[in-house]
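A short write-up of the structure that comes next.
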Amino acid sequence: MLARRSSSKVTDVSPTHAEIVSVVEAAGQLADHSGLRPWRVIEIRGDARDRVGDGFAKAEGKKGKDAEKHRQKARRAPLILAIVASLGSKKVPRWEQEAVASGVAHNISLLLDEAGWGVFWRTGSLTRTKAVRKAHRLEANEELLGWLYVGGLPERARKPRARGRIKVEQHLSSL
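Numbering-wise (the numbering used here), the sequence shown opens with residue 24 and increments by one.
Next up, the structure:
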């Protein structure tokens, strides 16, 4: 975990569907109040990425040439994993269900990084817009949390890089 870093530039290779199945299965083994599993992952590859980009464009009222910029954003990586919170329980607070889905996203990111893939997390002001919800075919009880963009690591990114560590005393306290 201390070596993990985001890889905003990735190559056109990506994990197979079978590899993603294995990663999602492992990532889902986290603490989960009442065992709700209030999340799902949408695997987006190839031309399906344009659907995401078109959702971005529609959310901003862009058409034609202006919409192409958004398609290119959705094509920054050969694989996009959309992380969705599926909120169904009245017993477990909504924030807690979203926290579980966020935990799954982070676990997926760590597992893919450990397996040698480039991964970066994206969100933004368009994440929860109606057009983007529609592009992902979300149900009424679902919220999109963001996307993991996944691809191969370029050679220059494979070299170890010194990463600044946190100052633990700023984030850890005692009562």
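Just so you know, even glycine gets a beta-carbon here, dropped at the ideal spot from N, CA and C. Quantities reported herein were computed from a predicted structural model and do not represent experimental measurements.
Quick one, are the C-beta atoms of residue i and residue j less than 8 Å apart?
i    : j    : result
E165 : V107 : yes
I103 : V142 : no
A105 : V46  : no
P124 : Y172 : Note that residue 124 corresponds to Ala in the displayed sequence, not to Pro. Not a contact, by the Cβ cut-off of 8 Å.
L198 : G139 : no
V127 : G51  : yes
N130 : L53  : yes
R151 : L167 : yes
F79  : L149 : yes
If you draw a straight line from the alpha carbon of residue i to that of residue j, how long is it in whole angstroms?
i    : j    : result
W62  : E121 : 8 Å
D70  : S112 : 34 Å
K157 : G87  : 19 Å
E192 : R28  : 22 Å
R72  : Q95  : 9 Å
G84  : K190 : 43 Å
V36  : E91  : 22 Å
S57  : D89  : 45 Å
H159 : L59  : 22 Å
Residues in the same chain with beta-carbon distance under 6 Å from residue i, minus the five sequence neighbours each way, listed in chain order, please.
i    : result
K81  : A154
W170 : I103, A105 and R145
S196 : none
Should residue i go down as buried or exposed, given a rule of 16 or more other Cβ atoms within 10 Å for buried?
i    : result
H93  : buried
L135 : buried
P38  : buried
A41  : exposed
So who's on the other strand from residue i, going by DSSP bridges?
i    : result
A49  : Beta-bridge pairing links A49 to no other residue.
A105 : I65 and W170
Within its chain, find whatever has a CB closer than 7 Å to the CB of residue i; leave out the 5 residues flanking it on each side and keep chain order.
i   : result
D55 : V123
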